[in-house]
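Below is one structure, written out as C-alpha coordinates; the observations come after it.
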Amino acid sequence: MKLSVLKAYKFRIYPTEEQKQFFIQTFGCVRFTYNQLLKAKMEELTTNAEKEKLTPAKLKKEYPFLKETDSLALANAQRNLERAFRNYFQKRAGFPKLKTKKNVWQSYTTNNQQHTIYLVDDQLKLPKLKSFVAVKRHRPINGQIKSATISARNNTEFYISILCIEEIQPLPKNQRKIALVYHPEVLVEANAQLPFISANAIKSQQKLARAERKLNVKAKAVKRKKMVLSHARNYQKQKGKVSQLYRAHRDQKKEYIDQVTFHLVKQYDTIFLERLIDETCRSTGNFSVSDWHQFIRKITYKAEWYGKEVRFISLSAKDCQKMTQMLRVIESETNWEERQGSPRG
1 MKLSVLKAYK FRIYPTEEQK QFFIQTFGCV RFTYNQLLKA KMEELTTNAE
51 KEKLTPAKLK KEYPFLKETD SLALANAQRN LERAFRNYFQ KRAGFPKLKT
101 KKNVWQSYTT NNQQHTIYLV DDQLKLPKLK SFVAVKRHRP INGQIKSATI
151 SARNNTEFYI SILCIEEIQP LPKNQRKIAL VYHPEVLVEA NAQLPFISAN
201 AIKSQQKLAR AERKLNVKAK AVKRKKMVLS HARNYQKQKG KVSQLYRAHR
251 DQKKEYIDQV TFHLVKQYDT IFLERLIDET CRSTGNFSVS DWHQFIRKIT
301 YKAEWYGKEV RFISLSAKDC QKMTQMLRVI ESETNWEERQ GSPRG
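Position 173, counted from 1, in the sequence shown is what the UniProt record's numbering calls 173; the numbers after and before it change by one each time, with no gaps.
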(Lines of atoms letter the chains of each structure in order from A and count residues from 1; the text may use other names and numbers.)
(Lines give C-alpha, C1' and ligand atoms only; values in the text may rest on other atoms or scores of the structure.)
Protein backbone atom coordinates (compact mmCIF):
# COMPACT_ATOMS: atom_id res chain seq x y z
CA MET A 1 0.00 0.00 0.00
CA LYS A 2 1.32 3.42 -0.93
CA LEU A 3 2.16 5.94 1.77
CA SER A 4 1.59 9.70 1.46
CA VAL A 5 4.62 11.61 2.76
CA LEU A 6 5.92 15.17 2.79
CA LYS A 7 9.15 15.49 0.83
CA ALA A 8 11.29 18.62 0.42
CA TYR A 9 13.50 19.61 -2.52
CA LYS A 10 16.05 22.41 -2.25
CA PHE A 11 17.49 24.18 -5.30
CA ARG A 12 19.62 27.22 -6.03
CA ILE A 13 17.70 29.98 -7.83
CA TYR A 14 19.04 32.88 -9.88
CA PRO A 15 16.59 35.79 -9.69
CA THR A 16 16.86 38.96 -11.77
CA GLU A 17 17.64 42.24 -9.99
CA GLU A 18 13.93 43.08 -9.95
CA GLN A 19 13.08 39.68 -8.48
CA LYS A 20 15.84 40.06 -5.87
CA GLN A 21 14.32 43.34 -4.74
CA PHE A 22 10.92 41.67 -4.45
CA PHE A 23 12.39 38.87 -2.31
CA ILE A 24 14.32 41.30 -0.09
CA GLN A 25 11.20 43.45 0.34
CA THR A 26 9.16 40.35 1.26
CA PHE A 27 11.82 39.27 3.79
CA GLY A 28 11.48 42.69 5.41
CA CYS A 29 7.67 42.63 5.48
CA VAL A 30 7.61 39.13 6.96
CA ARG A 31 10.18 40.12 9.58
CA PHE A 32 8.21 43.29 10.41
CA THR A 33 4.94 41.35 10.72
CA TYR A 34 6.51 38.70 12.95
CA ASN A 35 8.05 41.32 15.23
CA GLN A 36 4.84 43.38 15.52
CA LEU A 37 2.83 40.28 16.43
CA LEU A 38 5.51 39.21 18.92
CA LYS A 39 5.55 42.65 20.60
CA ALA A 40 1.76 42.57 20.91
CA LYS A 41 1.91 39.11 22.48
CA MET A 42 4.67 40.17 24.87
CA GLU A 43 2.59 43.17 25.98
CA GLU A 44 -0.41 40.90 26.52
CA LEU A 45 1.63 38.49 28.65
CA THR A 46 3.20 41.34 30.66
CA THR A 47 0.00 43.28 31.42
CA ASN A 48 -2.41 40.33 31.53
CA ALA A 49 -4.76 42.58 29.60
CA GLU A 50 -7.10 40.96 27.11
CA LYS A 51 -6.95 42.80 23.80
CA GLU A 52 -8.32 42.08 20.38
CA LYS A 53 -5.93 39.72 18.64
CA LEU A 54 -3.55 41.41 16.22
CA THR A 55 -3.43 39.81 12.76
CA PRO A 56 -1.62 40.49 9.46
CA ALA A 57 -4.91 41.78 8.02
CA LYS A 58 -5.14 44.41 10.77
CA LEU A 59 -1.49 45.33 10.33
CA LYS A 60 -2.14 46.02 6.63
CA LYS A 61 -4.67 48.70 7.56
CA GLU A 62 -2.12 50.46 9.75
CA TYR A 63 0.87 49.83 7.47
CA PRO A 64 -0.28 50.00 3.80
CA PHE A 65 3.14 48.91 2.45
CA LEU A 66 2.34 45.38 3.64
CA LYS A 67 -0.35 45.16 0.94
CA GLU A 68 2.36 45.07 -1.72
CA THR A 69 3.79 41.76 -0.54
CA ASP A 70 2.57 38.15 -0.61
CA SER A 71 -0.29 37.84 1.90
CA LEU A 72 0.42 34.12 2.36
CA ALA A 73 3.97 34.95 3.47
CA LEU A 74 2.55 37.22 6.19
CA ALA A 75 0.05 34.55 7.25
CA ASN A 76 2.88 32.03 7.55
CA ALA A 77 4.84 34.49 9.71
CA GLN A 78 1.88 34.47 12.09
CA ARG A 79 1.76 30.66 12.08
CA ASN A 80 5.49 30.47 12.76
CA LEU A 81 5.09 32.74 15.79
CA GLU A 82 2.17 30.68 17.09
CA ARG A 83 4.28 27.52 16.69
CA ALA A 84 7.18 29.20 18.52
CA PHE A 85 4.92 30.03 21.47
CA ARG A 86 3.51 26.48 21.56
CA ASN A 87 7.06 25.14 21.73
CA TYR A 88 7.86 27.64 24.49
CA PHE A 89 4.83 26.82 26.64
CA GLN A 90 5.47 23.09 26.18
CA LYS A 91 9.09 23.68 27.26
CA ARG A 92 10.55 22.49 23.97
CA ALA A 93 12.21 25.84 23.18
CA GLY A 94 13.08 29.21 24.66
CA PHE A 95 10.99 32.38 24.49
CA PRO A 96 10.57 33.66 20.90
CA LYS A 97 13.00 36.40 19.89
CA LEU A 98 12.63 39.40 17.63
CA LYS A 99 13.97 38.89 14.12
CA THR A 100 16.68 41.18 12.77
CA LYS A 101 17.83 42.04 9.27
CA LYS A 102 21.41 41.49 10.47
CA ASN A 103 20.89 37.72 10.30
CA VAL A 104 22.92 36.08 7.55
CA TRP A 105 19.88 34.07 6.43
CA GLN A 106 16.49 35.58 5.61
CA SER A 107 13.46 33.64 4.37
CA TYR A 108 9.73 33.53 3.81
CA THR A 109 7.23 30.77 3.03
CA THR A 110 4.30 30.90 0.62
CA ASN A 111 1.63 28.31 -0.18
CA ASN A 112 0.48 26.76 -3.42
CA GLN A 113 -3.15 27.79 -3.87
CA GLN A 114 -4.89 27.02 -7.16
CA HIS A 115 -1.65 26.33 -9.01
CA THR A 116 0.15 29.53 -7.97
CA ILE A 117 3.48 27.67 -7.57
CA TYR A 118 4.69 25.51 -10.44
CA LEU A 119 7.74 24.61 -12.52
CA VAL A 120 8.18 24.73 -16.28
CA ASP A 121 11.49 23.04 -17.10
CA ASP A 122 14.04 25.11 -15.14
CA GLN A 123 11.74 28.07 -14.54
CA LEU A 124 9.72 28.63 -11.35
CA LYS A 125 6.47 30.58 -10.94
CA LEU A 126 5.76 32.11 -7.53
CA PRO A 127 2.83 34.15 -6.16
CA LYS A 128 3.03 37.93 -6.69
CA LEU A 129 5.83 37.55 -9.25
CA LYS A 130 4.84 38.22 -12.85
CA SER A 131 7.96 36.61 -14.33
CA PHE A 132 9.52 33.17 -13.87
CA VAL A 133 12.60 32.63 -11.68
CA ALA A 134 15.55 30.63 -13.03
CA VAL A 135 16.16 27.40 -11.06
CA LYS A 136 19.17 25.09 -11.04
CA ARG A 137 17.17 21.86 -10.80
CA HIS A 138 19.40 18.80 -10.30
CA ARG A 139 16.59 16.26 -9.83
CA PRO A 140 12.94 15.92 -10.84
CA ILE A 141 10.09 16.82 -8.50
CA ASN A 142 7.37 14.24 -7.98
CA GLY A 143 4.02 14.78 -6.32
CA GLN A 144 1.90 17.82 -5.58
CA ILE A 145 3.58 21.06 -4.51
CA LYS A 146 2.29 22.17 -1.10
CA SER A 147 4.47 25.20 -0.30
CA ALA A 148 7.73 26.94 -1.13
CA THR A 149 10.28 28.65 1.11
CA ILE A 150 12.53 31.27 -0.46
CA SER A 151 15.75 31.92 1.46
CA ALA A 152 18.82 34.06 0.90
CA ARG A 153 22.29 34.22 2.37
CA ASN A 154 23.42 37.83 2.79
CA ASN A 155 20.83 38.71 0.12
CA THR A 156 23.24 37.42 -2.53
CA GLU A 157 22.73 33.63 -2.72
CA PHE A 158 19.09 32.64 -3.18
CA TYR A 159 17.49 29.22 -2.67
CA ILE A 160 14.07 27.61 -2.96
CA SER A 161 12.82 24.73 -0.77
CA ILE A 162 9.75 23.10 -2.31
CA LEU A 163 7.57 20.93 -0.07
CA CYS A 164 5.57 18.23 -1.89
CA ILE A 165 3.04 15.56 -1.03
CA GLU A 166 4.22 12.32 -2.63
CA GLU A 167 2.94 8.76 -2.85
CA ILE A 168 5.71 6.34 -1.80
CA GLN A 169 5.60 2.70 -2.90
CA PRO A 170 7.13 0.25 -0.34
CA LEU A 171 10.25 -1.55 -1.59
CA PRO A 172 10.29 -5.35 -2.09
CA LYS A 173 11.32 -7.46 0.92
CA ASN A 174 14.56 -9.49 0.77
CA GLN A 175 15.07 -10.67 4.41
CA ARG A 176 18.59 -9.17 4.45
CA LYS A 177 20.08 -7.62 7.60
CA ILE A 178 23.00 -5.29 8.20
CA ALA A 179 24.84 -3.91 11.24
CA LEU A 180 26.04 -0.30 11.30
CA VAL A 181 28.19 1.57 13.82
CA TYR A 182 29.52 5.10 13.81
CA HIS A 183 32.99 5.72 12.34
CA PRO A 184 34.47 9.26 12.48
CA GLU A 185 36.36 8.93 9.19
CA VAL A 186 33.81 7.23 6.91
CA LEU A 187 30.61 7.80 8.97
CA VAL A 188 29.42 4.19 8.69
CA GLU A 189 31.26 1.00 9.59
CA ALA A 190 29.27 -1.97 8.27
CA ASN A 191 29.51 -5.76 8.16
CA ALA A 192 29.04 -5.51 4.39
CA GLN A 193 30.60 -3.41 1.65
CA LEU A 194 28.97 -0.17 0.58
CA PRO A 195 30.11 -0.26 -3.06
CA PHE A 196 28.30 2.63 -4.67
CA ILE A 197 30.12 5.49 -2.97
CA SER A 198 33.06 6.00 -0.64
CA ALA A 199 33.19 8.62 2.06
CA ASN A 200 36.90 8.98 1.24
CA ALA A 201 35.76 10.94 -1.82
CA ILE A 202 34.93 13.78 0.54
CA LYS A 203 38.34 15.42 0.72
CA SER A 204 37.24 18.95 1.51
CA GLN A 205 37.74 18.35 5.26
CA GLN A 206 41.52 18.53 4.85
CA LYS A 207 41.26 21.64 2.70
CA LEU A 208 38.98 23.24 5.28
CA ALA A 209 41.37 22.36 8.12
CA ARG A 210 44.28 23.99 6.28
CA ALA A 211 42.22 27.11 5.61
CA GLU A 212 41.21 27.33 9.28
CA ARG A 213 44.85 27.05 10.40
CA LYS A 214 45.76 29.82 7.97
CA LEU A 215 42.92 31.93 9.37
CA ASN A 216 44.23 31.46 12.92
CA VAL A 217 47.72 32.55 11.81
CA LYS A 218 46.30 35.70 10.25
CA ALA A 219 44.24 36.41 13.37
CA LYS A 220 47.35 36.24 15.56
CA ALA A 221 49.22 38.54 13.17
CA VAL A 222 46.40 41.09 13.32
CA LYS A 223 46.34 40.99 17.12
CA ARG A 224 50.12 41.52 17.28
CA LYS A 225 49.62 44.67 15.22
CA LYS A 226 46.85 45.69 17.66
CA MET A 227 44.34 45.97 14.83
CA VAL A 228 40.62 45.21 14.85
CA LEU A 229 39.80 41.96 13.02
CA SER A 230 36.86 43.52 11.20
CA HIS A 231 39.26 46.09 9.66
CA ALA A 232 41.90 43.56 8.54
CA ARG A 233 41.36 42.88 4.82
CA ASN A 234 43.53 39.77 4.55
CA TYR A 235 41.87 38.24 7.59
CA GLN A 236 38.37 38.97 6.28
CA LYS A 237 39.29 37.56 2.87
CA GLN A 238 40.55 34.34 4.45
CA LYS A 239 37.47 34.21 6.68
CA GLY A 240 35.31 34.31 3.55
CA LYS A 241 37.28 31.40 2.07
CA VAL A 242 36.82 29.35 5.24
CA SER A 243 33.09 30.04 5.22
CA GLN A 244 32.84 28.98 1.58
CA LEU A 245 34.82 25.77 2.18
CA TYR A 246 32.71 24.97 5.23
CA ARG A 247 29.48 25.26 3.24
CA ALA A 248 30.91 23.08 0.46
CA HIS A 249 32.05 20.44 2.95
CA ARG A 250 28.67 20.49 4.71
CA ASP A 251 26.82 20.06 1.41
CA GLN A 252 29.09 17.16 0.39
CA LYS A 253 28.41 15.38 3.66
CA LYS A 254 24.68 15.95 3.34
CA GLU A 255 24.67 14.53 -0.19
CA TYR A 256 26.66 11.49 0.94
CA ILE A 257 24.29 10.85 3.86
CA ASP A 258 21.28 11.06 1.52
CA GLN A 259 22.85 8.59 -0.91
CA VAL A 260 24.06 6.03 1.62
CA THR A 261 20.80 6.02 3.61
CA PHE A 262 18.68 5.31 0.53
CA HIS A 263 21.15 2.63 -0.61
CA LEU A 264 20.90 0.85 2.74
CA VAL A 265 17.10 1.05 2.91
CA LYS A 266 16.87 -0.30 -0.62
CA GLN A 267 19.27 -3.20 -0.02
CA TYR A 268 18.27 -4.35 3.49
CA ASP A 269 15.03 -5.14 5.32
CA THR A 270 16.40 -4.82 8.86
CA ILE A 271 19.06 -2.29 9.82
CA PHE A 272 20.76 -2.53 13.22
CA LEU A 273 22.20 0.80 14.41
CA GLU A 274 24.49 1.73 17.25
CA ARG A 275 22.75 4.03 19.71
CA LEU A 276 25.59 6.42 20.50
CA ILE A 277 25.60 7.34 24.20
CA ASP A 278 28.86 9.23 24.82
CA GLU A 279 28.80 12.21 22.46
CA THR A 280 32.04 13.75 23.68
CA CYS A 281 34.54 10.94 23.21
CA ARG A 282 34.49 10.64 19.41
CA SER A 283 33.97 13.79 17.40
CA THR A 284 37.15 14.14 15.32
CA GLY A 285 37.52 13.13 11.69
CA ASN A 286 35.45 13.76 8.58
CA PHE A 287 32.14 13.00 10.30
CA SER A 288 31.07 14.25 13.72
CA VAL A 289 28.59 12.73 16.15
CA SER A 290 26.01 15.25 14.91
CA ASP A 291 26.51 13.83 11.39
CA TRP A 292 25.76 10.38 12.80
CA HIS A 293 22.55 11.68 14.38
CA GLN A 294 21.59 13.20 11.04
CA PHE A 295 22.29 9.83 9.43
CA ILE A 296 20.07 8.09 12.01
CA ARG A 297 17.24 10.58 11.48
CA LYS A 298 17.28 10.15 7.70
CA ILE A 299 17.60 6.38 7.61
CA THR A 300 14.79 6.08 10.18
CA TYR A 301 12.19 8.04 8.22
CA LYS A 302 13.26 6.47 4.90
CA ALA A 303 12.88 3.00 6.40
CA GLU A 304 9.38 3.97 7.54
CA TRP A 305 8.56 5.29 4.06
CA TYR A 306 9.66 2.14 2.25
CA GLY A 307 8.42 -0.49 4.70
CA LYS A 308 11.79 -1.41 6.25
CA GLU A 309 12.84 -1.71 9.91
CA VAL A 310 15.48 0.06 12.01
CA ARG A 311 16.54 -1.39 15.36
CA PHE A 312 18.78 0.38 17.87
CA ILE A 313 21.35 -1.38 20.04
CA SER A 314 23.32 0.17 22.90
CA LEU A 315 26.95 -0.95 22.81
CA SER A 316 29.46 -0.80 25.63
CA ALA A 317 32.60 -2.16 23.97
CA LYS A 318 35.58 -0.11 22.86
CA ASP A 319 35.72 1.19 19.30
CA CYS A 320 37.66 -1.78 17.96
CA GLN A 321 35.16 -4.24 19.47
CA LYS A 322 31.88 -2.55 18.60
CA MET A 323 31.21 -4.31 15.30
CA THR A 324 31.99 -7.70 16.87
CA GLN A 325 29.56 -6.99 19.69
CA MET A 326 26.91 -5.78 17.22
CA LEU A 327 27.19 -8.97 15.14
CA ARG A 328 26.82 -11.12 18.27
CA VAL A 329 23.61 -9.28 19.15
CA ILE A 330 22.22 -9.79 15.63
CA GLU A 331 23.17 -13.48 15.67
CA SER A 332 21.46 -14.04 19.02
CA GLU A 333 18.30 -12.23 17.86
CA THR A 334 18.25 -14.20 14.60
CA ASN A 335 18.63 -17.51 16.45
CA TRP A 336 15.80 -16.54 18.82
CA GLU A 337 13.51 -15.65 15.90
CA GLU A 338 14.28 -18.96 14.18
CA ARG A 339 13.43 -20.87 17.35
CA GLN A 340 10.12 -18.98 17.58
CA GLY A 341 9.42 -19.78 13.94
CA SER A 342 8.33 -16.21 13.14
CA PRO A 343 11.18 -14.22 11.60
CA ARG A 344 10.73 -10.45 11.58
CA GLY A 345 11.34 -8.10 8.66
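Even glycine gets a Cβ: it sits at the ideal position worked out from N, Cα and C.
Rounded to whole angstroms, Ala-152 and Ser-161 show a C-alpha spacing of 11 Å. By the C-beta criterion, the segment 230–244 is judged not to be in contact with the segment 255–266, since fewer than 3 inter-stretch pairs fall below 8 Å.
Taking 3 residues as the minimum length, the beta strand (DSSP E) runs contained wholly in the segment 139–185 are 144–153, 157–168 and 177–183, in order along the chain. Spatial neighbours of Lys-225 in its own chain (CB-CB distance under 6 Å, excluding positions within 5 residues in sequence) are not present. Arg-176 and Ile-168 have their alpha carbons spaced roughly 21 Å apart. Residue nearest to Thr-26 within the set Pro-172, Pro-127, Gln-294 and Ser-147 is Pro-127 (criterion: CA-CA distance). In the DSSP assignment, the residues bridged to Trp-105 are Arg-153.
In this structure, DSSP gives Glu-212 a helical state, which the three-state scheme calls helix.
Residues Leu-6, Asn-111, Asn-112, Leu-163, Cys-164 and Ile-165 of the same chain have their beta carbon placed closer than 8 Å to that of Lys-146, with the five preceding and five following residues left out of the count. In this structure, the beta-carbon distance from Leu-180 to Gly-307 does not fall below 8 Å.
Taking 8 Å as the cut-off, the Cβ atoms of Thr-100 and Leu-66 do not count as close.
When the five nearest sequence neighbours on each side are left out, the beta carbons in the same chain lying within less than 8 Å of the beta carbon of Asn-174 are those of Gln-267, Tyr-268 and Asp-269, in order along the chain. With respect to the 8 Å criterion, Val-104 and Gln-19 are not classified as neighbours on the basis of their beta carbons. Note that the C-beta distance between Leu-81 and Leu-37 is below 8 Å. Less than 8 Å separates the beta-carbon of Val-260 from that of Val-188. Taking C-beta separations shorter than 7 Å and ignoring five residues to either side along the sequence, the partners of Gln-144 in its chain run Cys-164 and Ile-165, following chain order. Contact annotation: His-249 and Leu-215 have beta-carbon atoms that are not nearer than 8 Å. Take Trp-305, set aside five residues on each side of it, and the residues of its chain with a beta-carbon closer than 7 Å to its own are Leu-3, Val-5 and Ile-168, in chain order. According to DSSP, residue pairing for Phe-295 in a beta bridge does not occur. Excluding five sequence positions before and after Lys-51, the CB atoms of its chain that fall closer than 7 Å to its own CB belong to Glu-44, given in chain order. When DSSP states are grouped into helix, strand and coil, Arg-92 belongs to the coil group.
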